[in-house]
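Peer 1:
Residue numbers (the working numbering), protein chains in the order written: chain X, 178 to 407; chain U, 178 to 407.
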């Protein structure tokens, strides 16, 4: 399948590698391709520059936001939540129209220091997932994977033998079914994918970021996930 | 130990029963004692009126908010989050001074229908736990047990052999140590009590209500809890 990933950060790279391993055709989208390729600076996590990653992951294509959105039969939002709507508008409403958009971003607000809070206007009675769905009504937004460290998204067996949960929500049932199939390929069995219903479920999953960040802060590790115990 | 519980709802009753079972001396506080005893109406969950519960739980004393706060060596806030600060002011700043206040309440806003959102001004960059601590600076507020159904608070073994977590936070280490001892008596082993640090951790645990409510909505059961999988 042809998949366009909007964003070139750690989440985008992690998902891109896995999708290529699963024999998908992947294009990542960035704001400015030549700037991205020319940059010699390590990323915010201290990883090597994107161009070096791309040499190792040579099957991944790089294009503009709009090129990646056009390329993908399915698109993935892996941008910083504070930039997501802007980046997706640059990707192009018509290029995303009629397509599934998997939204993995979180509306984190780093403007008041660490740990981040949630962005004003995008929490409690709204969410980033809903805001994207409202901005792109002809796109089927499916929110998932946003409640964990990127490494676990594509390798849930890394902790607890994979016995923990990933939430999913979205307004379109067929779109969620397709995304669940991709999640299965990432290693998520159906029983561990909790369907929260329509896209307003994004309020719930994005609201897990404060506890995720707090637990990471006290345990000094992001390599954990939540499970539901019944 | 003498314990004063502010609030006579399902959480207060559940905790009171358990504390009596553990040989504590318990007084529950209500706004108006004679009204509370005279009421023949079932509670909001359809349970029998408080007076009937009190006949069965005859070791529990009933007093005003202020009498319960005065009575307790330790106080427990089991009021509705939207009324907590008002109720605790009625309980009396000096009656709570120098004491541990275990805060189990959540800042739920039912004014926009179901499921509730979080109260404006008491989430994201603030919390009910912090607001109470700011209002009663001479009281040692310890937030805990607010992320689950009341039945599990005092009987964690009811699900998953007790293998799930309860969060705790507060500014006073000695107060948290005492509260952890009570939690141990409720059935929480030390390994499952996750200390999130100071009272700002309440932002994180109160922010779990949206996912808790959403999961309850889709699974039609509140008898579950979260576990951390490392």
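Virtual Cβ for every residue (Gly too), placed ideally from N, Cα, C. Quantities reported herein were computed from a predicted structural model and do not represent experimental measurements.
1) What does residue 403(U) touch in chain X if you count any residue whose Cβ is under 8 Å from its own?
2) Is the distance from the Cβ of residue 323(X) to the Cβ of residue 388(X) below 8 Å?
3) So the beta strand (DSSP E) residue 372(X) belongs to, where does it begin and stop?
4) For residue 187(U), which of 299(U), 400(U), 255(U), 243(U) has the nearest alpha-carbon?
5) What does DSSP give as the partner residue(s) for residue 313(X) in the beta ladder?
6) Below 8 Å on the Cβ atoms is my guess for residue 364(X) versus residue 404(X); work out the distance and round it to an integer in Å.
7) Here's a check: name, in chain order, each residue in its chain whose Cβ is nearer than 8 Å to the Cβ of residue 178(U), leaving out the five neighbours to either side.
8) Closest to residue 243(U) by C-alpha separation, out of 376(U), 215(U), 209(U), 260(U), would be which residue?
9) In the DSSP assignment, the beta strand (DSSP E) including residue 204(U) goes from what residue to what residue?
10) Residue 271(X) bridges to which residues according to DSSP?
11) Specify, as a first and last residue, the run of the alpha helix (DSSP H) that residue 233(U) falls within.
12) For the stretch 333-341 of chain U against the stretch 287-306 of chain U, are there 3 or more C-beta pairs whose distance is under 8 Å?
13) For residue 261(X), count the other beta carbons within 10 Å of its own beta carbon; 16 or more makes it buried, fewer makes it exposed. Which is it?
14) My output table needs one value for residue 299(U): the three-state DSSP class, helix, strand or coil.
15) What is the DSSP secondary structure of residue 337(U), reduced to helix, strand or coil?
16) For residue 196(X), collect the residues of the same chain with a Cβ closer than 7 Å to its Cβ; drop the 5 residues on either side in sequence, then sort them by chain order.
17) Between residue 284(X) and residue 267(X), which are expected to be in contact by the criterion C-beta below 8 Å, what is the C-beta distance as a whole number of angstroms?
18) List, from N- to C-terminal side, the alpha helix (DSSP H) runs of 4 residues or more that fit wholly inside the stretch 236-265 of chain X.
19) Measure how close the beta-carbons of residue 408(X) and residue 353(X) come, nearest whole angstrom, since I'm counting them as under 8 Å.
20) Please list, in chain order, all residues of the same chain as residue 367(X) whose beta carbon is under 8 Å from its beta carbon, the five residues on each side excluded.
21) Tell me the DSSP secondary structure of residue 405(X) in three-state form.
22) Within its chain, find whatever has a CB closer than 6 Å to the CB of residue 330(X); leave out the 5 residues flanking it on each side and keep chain order.
Peer 2: In terms of the structure at hand:
1) Within chain X, the residues near residue 403(U) are 403, 404, 405, 406.
2) One thing to note: residue 323(X) has its Cβ no nearer than 8 Å to the Cβ of residue 388(X).
3) In the DSSP annotation of this structure, the continuous segment of the beta strand (DSSP E) that includes residue 372(X) starts and ends at 370-372.
4) Nearest of 299(U), 400(U), 255(U), 243(U) to residue 187(U), Cα basis: 255(U).
5) Paired residue(s): none; residue 313(X) is not in a bridge.
6) The C-beta distance from residue 364(X) to residue 404(X) rounds to 15 Å, too long to meet the 8 Å contact threshold.
7) The residues 201, 202, 250, 251, in chain order, have a CB closer than 8 Å to that of residue 178(U) in the same chain once the five nearest residues on each side in sequence are set aside.
8) Considering only alpha carbons, the answer is 209(U).
9) Secondary structure note for residue 204(U): its beta strand (DSSP E) is the uninterrupted segment 202-207.
10) According to DSSP, residue 271(X) shares a beta bridge with no other residue.
11) Where residue 233(U) is concerned, the enclosing alpha helix (DSSP H) stretches over 227-233.
12) No, they do not touch.
13) That one is buried.
14) Residue 299(U) falls in the coil class under three-state DSSP.
15) In the structure shown, residue 337(U) sits in a helix (DSSP, three-state: H, G or I).
16) Only residues of its own chain outside the window of five on either side were considered, and among them 180, 203 have a CB closer than 7 Å to the CB of residue 196(X), listed in chain order.
17) The C-beta distance from residue 284(X) to residue 267(X) rounds to 18 Å, too long to fall under 8 Å, and the pair is not in contact.
18) Runs of the alpha helix (DSSP H) inside the stretch 236-265 of chain X: 242-248.
19) Residue 408(X) lies beyond the residue range present for chain X, which begins at 178 and ends at 407; the question has no answer from this structure.
20) So the list reads 357, 361, once near-sequence residues are dropped.
21) In the displayed model, residue 405(X) falls within a strand according to three-state DSSP.
22) Cβ neighbours of residue 330(X) beyond the five flanking positions: 322.
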